[in-house]
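Worksheet: the structure to be examined is printed underneath.
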Amino acid sequence: MTRAAVGAPAGYELVPDLPDVAEYRRLRERSGLSPKDDAQARGAVTGSWAGCHVVHARTSSVVAMGRVIGDGGWYFHLADIATDPDHQGLGLGSCVMRHLLGVTDQRSPAHPYVILLADPPGRRLYERFGFRESAPRSVGMVRTVVTP
Numbered sequence: 707m708t709r710a711a712v713g714a715p716a717g718y719e720l721v722p723d724l725p726d727v728a729e730y731r732r733l734r735e736r737s738g739l740s741p742k743d744d745a746q747a748r749g750a751v752t753g754s755w756a757g758c759h760v761v762h763a764r765t766s767s768v769v770a771m772g773r774v775i776g777d778g779g780w781y782f783h784l785a786d787i788a789t790d791p792d793h794q795g796l797g798l799g800s801c802v803m804r805h806l807l808g809v810t811d812q813r814s815p816a817h818p819y820v821i822l823l824a825d826p827p828g829r830r831l832y833e834r835f836g837f838r839e840s841a842p843r844s845v846g847m848v849r850t851v852v853t854p
């Protein structure tokens, strides 16, 4: 794993890979995303097309992350864009977005379709990177499966 400080605010390091399973789970919960078990987290970390995380240099803590899932052809979905609440408002979300979109732009074929589901706190961040609501032409939908 190579660390790069390019685009990271002072005192932080961008790591162009996803964190380990334990850190992924911890940051999801810390940032308010739904908790995932080890198997789910392992699948997310190993099955992503691209990802990155940001480390706070002083504490070596993982404080932000994001990933891209997709088919490698034309369809890409940004997911798990998360920042530790103690480190929000410092540009870490923008750092993650710049990296993920840069990788997608460089590695994808022409005219990729890049989507995400925006929760209210992240909406302004995503709009700064050119994302817009797709409604009424299309709307996001979700199906939750309840297993016994």
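Numbering (the numbering used here), first residue to last: 707 to 854.
By construction, the Cβ of each residue, glycine as well, lies at the ideal position given by its N, Cα and C atoms.
Cα-Cα separation between residue i and residue j, rounded to whole angstroms
i	j	result
V848	T765	37 angstroms
G776	Q812	14 angstroms
E719	L796	13 angstroms
I821	H783	5 angstroms
S814	S800	21 angstroms
E729	T853	26 angstroms
H762	P715	10 angstroms
D825	V727	23 angstroms
A841	P722	33 angstroms
R736	V809	26 angstroms
V845	R830	18 angstroms
R732	M771	11 angstroms
V760	K742	20 angstroms
T708	Y819	Any reading at T708 is ruled out, since the residue's pLDDT is 37, under 50, leaving its predicted position unreliable.
W780	G738	30 angstroms
G713	V851	39 angstroms
R734	H793	14 angstroms
A710	A756	The predicted position of A710 is uncertain, since its pLDDT is 42 and thus under 50; no value can be drawn from it.
A788	L798	9 angstroms
L867	E833	Residue 867 cannot be examined here, being either before or after the span of the chain that is shown, 707 to 854.
M803	S767	19 angstroms
S740	G778	26 angstroms
V751	P827	24 angstroms
Rounded Cβ spacing between residue i and residue j (contact assumed at less than 8 angstroms)
i	j	result
D786	V769	In fact, because the Cβ distance is near 14 angstroms, the residues do not count as touching under 8 angstroms.
Burial state of residue i (16 or more Cβ within 10 Å)
i	result
H817	exposed
L823	exposed
P725	buried
G717	exposed
R843	exposed
- Message: Below 8 angstroms, how does it come out for the stretch 739–746 and the stretch 831–841: are there three or more Cβ pairs, yes or no?
- Response: no
- Item | Whole alpha helix (DSSP H) elements within the stretch 732–787, 4-residue minimum | 744–753
- Quick one: complete beta strand (DSSP E) runs, 3+ long, within the stretch 797–851? 819–821
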